[in-house]
Structure formats: C-alpha cells, structure tokens
Amino acid sequence: MKYFNTIEKSQLFYGNNIEVMDDLPAYSIDLIVTDPPYNFTKANCTKMYKETSKKLMSKSGLYDYDDETEECRIKAGFGREDIYRWLNMTPRLMKKMNAYIFCSEVQVPIYAEWAEENACKFSILVWEKPLTIISKSRFSQNAEFIVRIYDDGTALNKLEDCEQYNRILHFPVVTKKLTPTQKPVDLMARLIRLSSPVGGVVLDPFLGSGTTAVAAQRLGRKYIGIEKNQRFYRIAENRLKEECVQMELF
Ligand SMILES: C[S@@+](CC[C@H](N)C(=O)[O-])C[C@H]1O[C@@H](n2cnc3c(N)ncnc32)[C@H](O)[C@@H]1O
Numbered sequence: 431m432k433y434f435n436t437i438e439k440s441q442l443f444y445g446n447n448i449e450v451m452d453d454l455p456a457y458s459i460d461l462i463v464t465d466p467p468y469n470f471t472k473a474n475c476t477k478m479y480k481e482t483s484k485k486l487m488s489k490s491g492l493y494d495y496d497d498e499t500e501e502c503r504i505k506a507g508f509g510r511e512d513i514y515r516w517l518n519m520t521p522r523l524m525k526k527m528n529a530y531i532f533c534s535e536v537q538v539p540i541y542a543e544w545a546e547e548n549a550c551k552f553s554i555l556v557w558e559k560p561l562t563i564i565s566k567s568r569f570s571q572n573a574e575f576i577v578r579i580y581d582d583g584t585a586l587n588k589l590e591d592c593e594q595y596n597r598i599l600h601f602p603v604v605t606k607k608l609t610p611t612q613k614p615v616d617l618m619a620r621l622i623r624l625s626s627p628v629g630g631v632v633l634d635p636f637l638g639s640g641t642t643a644v645a646a647q648r649l650g651r652k653y654i655g656i657e658k659n660q661r662f663y664r665i666a667e668n669r670l671k672e673e674c675v676q677m678e679l680f
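Counting from 1 along the sequence shown, just add 430 to a position and that's the residue number in the working numbering.
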C-alpha cells in the first residue's frame, strides 16, 4: 500500500540530483519532465563546435574547451550507468511512474531496457525541429527523442485540441538561448498539460535554465527542479523570479 506524501510548495535545489532526490518524500511526485545530458562522442562534439559559436561553447559548463587546439569535449558522457543511477531513484518518489525524458538516439535502448526491467510501459515521441543544416551525406539533425516511461493508470488528460495527442511535436528551437541546450517552454508545457493534474508536482532533476519549472508554474502545477551547475542554477532562479512577477502583473 502506497501512502502518498504532499509537497506543499515549489522549490529549486542547487546540487547533485542523486543526493537531493534521496531527501525528497516518498510517493510525492506526479510527473517527471526532464532533459538529462546526451551521450555525445568526442567527434560529435568537435563537429558541434564547428557548427556552433566558439563563444557559446567556451562559456558552457557542460564542455571543456581548449583555446589552443580549439577542441571541445563534453565533460563526461552520459551512458547506461549514469542513466540507471538517476532512474533507479524515481520509483520511490513517484505516485505512479509517469515520466518524459529527452534523449539521444543511442540512449533510447537504455531507457527501454530500464522500463522493461521495471515493468513499466514505454513509448517514443519525436520533437521535430525546423531543418537548418542540410547535408547530402547524412540524415538531418532535425529530430530529438522523448521517451515516455509510465505505469498503468496514467492516462493522458482529456484536452479539446486533438493536435495535443500527436506523437510528433512541432516546436521551433529557442533563439537567443540562455544555456546551450535550452528547450522551448511550450514543448515542456504540452507534456505537463497532458500528464499531470492542476496543482500536481512536476520534478525535473536536470533543470538547466529552468524551462520545465517555468512551464509548470504557468500551468498551475508545483515544481521541484534540481541543477548542479551554479551558473545554470542562477539563470533558472532568475527566470522563475521573473515568471512570478509577470504572473502577478496579469
Ligand atoms: C540538457 S541540460 C537541461 C536543459 C534544460 N532542459 C533547459 O531547457 O535549460 C542538462 C542539465 O543537467 C545538469 N546536470 C547534469 N548532471 C546533473 C546532476 N547529477 N545533478 C543535477 N544536475 C545535473 C547539467 O548541468 C545541465 O544543466
């Protein structure tokens, strides 16, 4: 028998998500919407550096940038062990397993394996981004993957607009990003609206610039956001403060 716990108010945490999640009350979270690091290889990173501005990459806390060689490497990969470490913390926290997780193509089978081992259902959504770079030697990088891992009894909310149930999500990328991997608020909002009750609690253990929390706040959900990079955490904190001011004004 599960005894649900109540989280009274939204909160941002600066720290390692494993430690913070360990302290959260059991069976208190309605939904996870999160965007953990992707598992880039060094080669991809170097390519990314070429395609992205030097300034942005060198400022990012996610990458090591070498001025002399102009090489850019991700600080650490995010493979099976990392994925299992944080996902294994979640069954204790969730009222019912109900999660949307952004991931790269190579990470999809790892999440699927975890879902199967934990007797959860599994499906894949695709975020289709507008085409930018067209190459004749490889498929375009205009899609990202979102895996849904969930239990029975987590049906989608009934919404008027049928487009909301489309498995392919069409949203433009964020221009003028505050952090390199910032996601669109409307994309996170779509998932939150579909899969959590008003007043429910949404957890994002890889908060980055705070997009999930901003979307939750706008939709009248509570949020718990965790970020270990101090600069990103401050950005998230400021965005949420601004969001509260905006909400008071209107
Ligand atoms: C892909 S970004 C999230 C971007 C976010 N969706 C946004 O819109 O800004 C992943 C974030 O997870 C954070 N992170 C990685 N490992 C973490 C950990 N163990 N605990 C807390 N945050 C972590 C990184 O610092 C990074 O900001």
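Yeah, the Cβ is synthetic: ideal placement off N, Cα and C, and Gly gets one too.
Treat the numbers as computed from the prediction; the structure is a model and nothing was measured.
Residue span of the beta strand (DSSP E) that contains residue i, given as start and end
i, result
"E657", "K652 to E657"
"Y580", "A573 to Y580"
"L517", "First-last for L517: R510 to L517, but that is the alpha helix (DSSP H), not the beta strand (DSSP E)."
Distance, residue j Cα to residue i Cα
i, j, result
"G629", "K606", "31 Å"
"S534", "E574", "7 Å"
"A529", "S626", "10 Å"
"I459", "Y653", "9 Å"
"I576", "Q537", "10 Å"
"G640", "S570", "28 Å"
"I564", "G509", "28 Å"
"E394", "E558", "Outside the modelled stretch of the chain, which goes from 431 to 680, sits residue 394, for which no answer is possible."
"E667", "L442", "7 Å"
"L670", "S440", "11 Å"
Host alpha helix (DSSP H) of residue i (start-end)
i, result
"T641", "T641 to R648"
"V538", "V538 to E547"
"I722", "Past the edges of the chain, shown from 431 to 680, lies residue 722, and the structure says nothing about it."
Contacting residues, own chain, Cβ-Cβ under 8 Å from residue i (five flanking each side not counted)
i, result
"I462", "T520, M524, N528, A529, Y530, I531, V632, L633, D634 and P635"
"P560", "N572, P602 and V603"
As assigned by DSSP and simplified to three states, the class of residue i
i, result
"Y433", "coil"
"A619", "helix"
"K525", "coil"
"S625", "helix"
"F552", "strand"
"V631", "strand"
"Q441", "strand"
"F532", "strand"
"T609", "coil"
"E590", "coil"
"L670", "helix"
"V675", "helix"
Heavy atom of ligand 3 within 8 Å of residue i beta-carbon
i, result
"N447", "Ligands in the displayed structure: ligand 1; ligand 3 is not one of them."
Cβ neighbours of residue i in the same chain (closer than 6 Å, five flanking residues each side left out)
i, result
"G650", "V628"
Close-in-space but distant-in-sequence residues of the same chain around residue i (CB under 7 Å, 5 per side omitted)
i, result
"K526", "D581, G583 and T584"
"L617", "W557, L599 and F601"
"L517", "W544"
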